[in-house]
Amino acid sequence: MKVLNPLRSAAALSGMAMLAACGTAHSDTTASTATAVANAVQVQQIRNATVKIDFSGTTFLVDPMLSSKGGFAGFEGTYRSELRNPLVELPLSVDDVLNSVEAVVVTHTHTDHWDEAAQKQIPKNMPVFVQNELDAKTIRGQGFKDVRVLKGTTTFNGVKLSKTGGQHGSDLWFADPARSEAMGPVMGVVFSAPKAKTVYVAGDTVWRPEVDQALAQHKPDVVILNTGSALMTGWEEHPIIMGKQDALQATKAAPNAAIVAVHMDAVNHMSLSRKELRDFVQANKIQERVMIPEDGEVMKF
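Sequential numbering of the sequence shown, starting at 351, is according to the numbering used here.
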């Protein structure tokens, strides 16, 4: 922004020069503000794995679970399956959740990431990004008109979306074909744009080489991890998503990134609570690195 020297005599400037100087300052300020808005990153934890990401001027909704509290049964064969899901209400109205959303990302179609309420209440012409043709067929069958399979990378409104890999459970769990088929594939997504901070949503995965690869390749500034340590009955030693040790691992694997821990306290099979994770984070002195947002909380980067 152009700044006038306050010691300079007003008589030395003609009216035209003064107008030009003011116009330049205003123009530079407006351009600077517009650039800042375009490069801004804001993440709002909605509930469970549902996050709203305002990225470089575009708003994405990831893994929407929009049911009212107790809207569907607990997951059969999982920890605390007698409880009805979700365990808590949304922190704001569905209209507020969907306000300004321009695209939806569904990392996989398990009910706690893409429920019947989301299918009914999200506009059918909303662009929906999915991991494969099978999920695309499922969501198109629910009436959605603009379902896009994320293959490698694609660009939406100037934001690059990059698909990343993962595995929804341990190698031991996936060694059995029936269990592997029941759990199914998953993806993560990296959001990037010139001059904006890069955001990596890991999705429903345990820590895998694919996670290390995503961190090394994309060097994200913000890493969103699903850390509820979800459990299957009889497999309590083998969580099917990340937990507290993975939050610690993330601070080491991505030493310059902010770690955001989500997917807790909202569905029956999560065994790790926010309180337990906060205690762990404090004990390991990583509280400056790991953010554990409450439902509805907004984080700006």
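Here a beta-carbon is modelled for each residue, glycine too, at the ideal position from N, C-alpha and C.
Item to complete: Could you name the residues of the same chain whose beta carbon sits closer than 6 Å to that of residue 452, not counting the 5 residues immediately before and after it, in chain order?
Response: 408, 409
Worksheet item: Taking buried to mean at least 16 other C-beta atoms within 10 Å of its own C-beta, is residue 532 buried or exposed?
Response: exposed
Worksheet item: Who does residue 514 pair with in a DSSP beta bridge?
Response: 538
Practice prompt. Give a yes or no on whether the C-beta atoms belonging to residue 516 and residue 537 are separated by under 8 Å.
Written response: yes
Practice prompt. Let me know the secondary structure DSSP gives residue 639 once reduced to three states.
Written response: coil
Item to complete: Measure the alpha-carbon distance for residue 573 versus residue 641 and round it to whole angstroms.
Response: 10 Å
Item to complete: Decide yes or no for the touch test of the stretch 576-592 against the stretch 490-504: beta carbon pairs closer than 8 Å, at least 3 of them.
Response: no
Discussion item. Rounded to whole angstroms, what is the Cα-Cα separation between residue 390 and residue 564?
Written reply: 22 Å
Discussion item. Taking the alpha carbon of residue 638 as the reference point, which residue from 628, 455, 414 has its own alpha carbon closest?
Written reply: 628
Practice prompt. State the DSSP-derived secondary structure class of residue 496, mapped to helix, strand or coil.
Written response: coil
Discussion item. Measuring only the C-alpha atoms, how far is residue 443 from residue 606?
Written reply: 35 Å
Worksheet item: Around the C-beta of residue 381, are 16 or more other C-beta atoms found within 10 angstroms, so that it is buried, or is it exposed?
Response: Per-residue confidence for residue 381 stands at a pLDDT of 46, beneath the threshold of 50, marking its modelled position as unreliable; the derived number appears in the next sentence. So residue 381 counts as exposed.
Practice prompt. State the Cα-Cα distance for the pair residue 395 and residue 619, rounded to the nearest angstrom.
Written response: 19 Å
Fill in: Close Cβ partners of residue 493 (< 6 Å) along its chain, the five nearest in sequence each way excluded
474
Discussion item. Rounding to the nearest angstrom, what Cα-Cα distance links residue 652 and residue 541 in this structure?
Written reply: Residue 652 is absent from the model: the chain starts at 351 and stops at 651.
Worksheet entry | Per DSSP, cross-strand counterpart(s) of residue 404 | 392, 409
Practice prompt. Rank 529, 596, 583 by C-alpha distance to the C-alpha of residue 559 and give the top, closest one.
Written response: 596
Discussion item. Within a Cβ cutoff of 7 Å, which residues of the same chain sit near residue 432, ignoring the five residues on either side of it in sequence?
Written reply: 424
Discussion item. At the level of alpha carbons, what is the spacing between residue 594 and residue 534?
Written reply: 24 Å
Fill in: Contact set for residue 647: own chain, Cβ-Cβ below 8 Å, skip 5 residues either direction
394, 395
Item to complete: Identify the continuous beta strand (DSSP E) that holds residue 453 and give its terminal residues.
Response: 453-455
Worksheet entry | Residue of 477, 528, 486, 413 minimising C-alpha distance to residue 467 | 413
Discussion item. Cutting at 8 Å between CB atoms, please list the residues of its own chain near residue 438, excluding the five before and the five after it.
Written reply: 397, 419, 615, 616, 645
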